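K.L.:
Structure in structure tokens, see below.
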Amino acid sequence: ARLRKTRKLRGEVCMGYGRVGKHRKHPGGRGKAGGQHHHRIYFDKYHPGYFGKVGMREFHLKKNLYFRPQINLDRVWSLVPADIKAQAKSAKETLTIDVTKFGYHKVLGKGVLPEVPVVVK
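Heads up: the sequence shown runs through residues 1 to 121, numbered per UniProt numbering.
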């Protein structure tokens, strides 16, 4: 790679672009032009389903309406401060952990909690 391509092609008349087709500006159109016409094979092969509609329209779409952060059961105990953990092991009444105060709305069942009476809500 001692020379750049332009240096190598200096003696050629058309610089490698051909006499017939020529090096013109945008012969196929700019960007994604012709996706349903002269570039159809490319779009069907590499981007199937690019054109057309699917599903129903929701007019006033609220993106995070169904966003419910979730936490596994084995991570719930880490939300409790250390001093309250120590009290819970010795106390008679049950400890209540409200996960909604920490920004979670769903508790998944992976893992186990320690052998302390706990209410998770």
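Positions of the beta carbon are idealized from the N, C-alpha and C atoms, including for glycine. Owing to the predicted nature of the structure, the values given are computational and were not obtained by experimental measurement.
1) Looking only at DSSP bridge pairs, what is Lys106 linked to?
2) Which same chain residues end up closer than 8 Å to Tyr50 when comparing Cβ atoms and leaving out the 5 residues on each side of it in sequence?
3) Specify the secondary structure class of Val119 as computed by DSSP and reduced to three states.
4) Return yes when the Cβ of Asp74 is within less than 8 Å of the Cβ of Val120, no when it is not.
5) Would you say the stretch 81-99 touches the stretch 49-68, given that touching needs at least three Cβ pairs under 8 Å?
P.N.:
The relevant details are as follows:
1) The residue you call residue 106 lines up with position 106 of the sequence shown. Lys106 pairs with Gln70.
2) For the purposes of this step, residue 50 is identified with residue 50 of the sequence shown, where counting begins at 1. Residues of the same chain with a CB within less than 8 Å of the CB of Tyr50, apart from the 5 flanking positions on each side, are Gly35, Phe43 in chain order.
3) Position 119 of the sequence shown, counted from the first residue, corresponds to residue 119. Here Val119 carries a strand assignment [DSSP, helix/strand/coil].
4) Along the sequence shown, one-based indexing puts residue 120 at 120. Along the sequence shown, one-based indexing puts residue 74 at 74. Taking 8 Å as the Cβ cut-off, Val120 and Asp74 do not qualify as a contacting pair.
5) With a cut-off of 8 Å, the stretch 49-68 and the stretch 81-99 do not count as touching, because too few Cβ pairs lie within range.
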